[in-house]
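Right, one structure below, let's go through it.
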Amino acid sequence: MDNPLCLTSTDSTNVDAFKLALEGVKHGFGVLAATQHAGKGRLGKSWISPADTGLYCSIILRPALPFTEFPKITLTAGLALCTAVETLLPHVPFGLKWPNDLYSNGRKCGGILVESSSPTSLGESTFVVVGIGMNVNTPLSVFPPELQEKATSLRILSGNDFDIRQLYCRIHKILLEQVDTHVSTGFGQILKEWRKRDVLLGKEMQWVTGDKKVITARGMGPDANGQLLARDSSGKVYEILSGDVQLAVEK
Ligand code: BTN
3 MDNPLCLTST
13 DSTNVDAFKL
23 ALEGVKHGFG
33 VLAATQHAGK
43 GRLGKSWISP
53 ADTGLYCSII
63 LRPALPFTEF
73 PKITLTAGLA
83 LCTAVETLLP
93 HVPFGLKWPN
103 DLYSNGRKCG
113 GILVESSSPT
123 SLGESTFVVV
133 GIGMNVNTPL
143 SVFPPELQEK
153 ATSLRILSGN
163 DFDIRQLYCR
173 IHKILLEQVD
183 THVSTGFGQI
193 LKEWRKRDVL
203 LGKEMQWVTG
213 DKKVITARGM
223 GPDANGQLLA
233 RDSSGKVYEI
243 LSGDVQLAVE
253 K
């Protein structure tokens with residue numbers, strides 16, 4: 003593994019990695035920061051990045067996959083993150099909340115923001131930036147009150163502190179292995195493993211549609227395209243493309 007670019011602070015490692023990828027930096031290269039001033043979360047949210055306590059990194063991928071496969075990499079990356087912490091803390095139960103939040107005991111421990119280049123007619127090489135944020139040695143006191151009720155960290159779950167650089171290396175290795183599996187054998191094996199960790203499977207959940215309707219339905223897990231399926235009480239099956247789904251009891 004190449005050493006990552008290690009920054010003491012930055013606005014967002016995803017922005018840094020995206021710029022490097024546009025300049026042609028290779029598959030597997032990572033950017034790791036001790037803190038971020040403008041960390042980006044999914045759906046335009048921000049990612050609070052207290053200094054020296056969490057993992058904030060972005061890894062450039064140039065998988066030999068058609069662009070249409072890129073959305074599935076989100077799930078592949080989530081599985082890699084979950085596998086990495088499971089092997090580190092085998093007694094702690096971890097799970098994945100679609101599309102790629104890392105959960106333990108009903109609380110969020112990490113999240114992933116995947117951003118990809120647009121395909122061009124010039125045939126330029128396309129890439130994906132996998133941005134990973136994880137609460138590692140993080141006390142809940144650093145979060146605003148609304149997050150203190152929903153968040154957790156590896157330290158809270160295990161009572162131990164972790165070396166963030168070593169954790170990065172572990173996640174990086176597993177991510178590249180899982181992406182290789184995705185490229186060489188297809189998405190099926192990744193999906194099978196992902197589904198074993200699905201915290202929404204069979205659970206009543208809610209989300210808001212584009213036309214502002216609140217839908218309540220039970221999670222059926224992601225399909226072969228990585229889109230989440232859910233069935234409501236009338237038997238109607240929904241395909242959720244993006245957005246924020248919540249367990250109904252979380253309201
Ligand atoms: C989410 O759960 O909403 C995704 C959070 C992703 C946060 C990480 S921190 C490192 C990388 N840089 C960013 O600006 N965001 C991602």
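In this text, residue positions in the sequence shown follow the numbering used here: the first is 3, and each later residue adds one.
Glycine is no exception: its CB is placed at the ideal position from the N, C-alpha and C atoms.
Could you tell me if residue 168 is buried or exposed, where buried requires 16 or more neighbouring beta carbons within 10 angstroms of its beta carbon?
-> In the sequence shown, the residue the question calls residue 168 occupies position 166. Per the 10 Å Cβ criterion, exposed.
How far does the beta strand (DSSP E) with residue 103 in it reach, from first residue to last?
-> Within the sequence shown, the letter at position 101 stands for residue 103. Taken as a continuous stretch (DSSP letters only), the beta strand (DSSP E) holding residue 103 covers 103-106.
When every heavy atom of the ligand BTN is checked, does at least one fall within less than 7 Å of the C-beta of residue 149?
-> One-based indexing of the sequence shown puts residue 149 at position 147. Incorrect: residue 149 has no Cβ contact closer than 7 Å to the ligand BTN.
Uninterrupted beta strand (DSSP E) stretches inside the stretch 136-208 (no shorter than 3 residues) | none
What's the gap between the Cα of residue 207 and the Cα of residue 248?
-> Against the sequence shown, residue 207 aligns to sequence position 205. Against the sequence shown, residue 248 aligns to sequence position 246. Roughly 5 Å between the two C-alpha positions.
Report buried or exposed for residue 103, applying the criterion of at least 16 other Cβ atoms within 10 angstroms of its Cβ.
-> In the sequence shown, counting from the first residue as 1, residue 103 sits at position 101. Looking at its Cβ environment, which holds 16 or more other Cβ atoms inside 10 Å, residue 103 is buried.
Closer than 7 Å: residue 11 CB and nearest the ligand BTN heavy atom = Position 9 of the sequence shown, counting from 1, holds the residue named residue 11. Checking every heavy atom of the ligand BTN against the Cβ of residue 11, none is found closer than 7 Å.
Chain-order list of residues whose beta-carbon lies under 7 Å from that of residue 195 (same chain, five-residue window excluded) = If you number the sequence shown from 1, residue 195 lands on position 193. If we look at residue 195 and ignore the five residues flanking it on each side, its Cβ neighbours are 81.
Under the rule that 16 or more other beta-carbon atoms within 10 Å means buried, what is residue 69, buried or exposed?
-> As a position in the sequence shown, residue 69 is number 67, starting the count at 1. So residue 69 ends up on the exposed side.
Could you say which of 99, 139, 150 and 110 lies nearest to residue 199 if we only look at CA atoms?
-> Taking the first residue of the sequence shown as 1, we reach residue 199 at position 197. Measuring from the Cα of residue 199, the nearest candidate turns out to be 99.
How is residue 247 classed by DSSP in three states: helix, strand or coil?
-> Here residue 247 refers to the residue found at position 245 of the sequence shown. In the structure shown, residue 247 sits in coil (DSSP, three-state: anything other than H, G, I, E or B).
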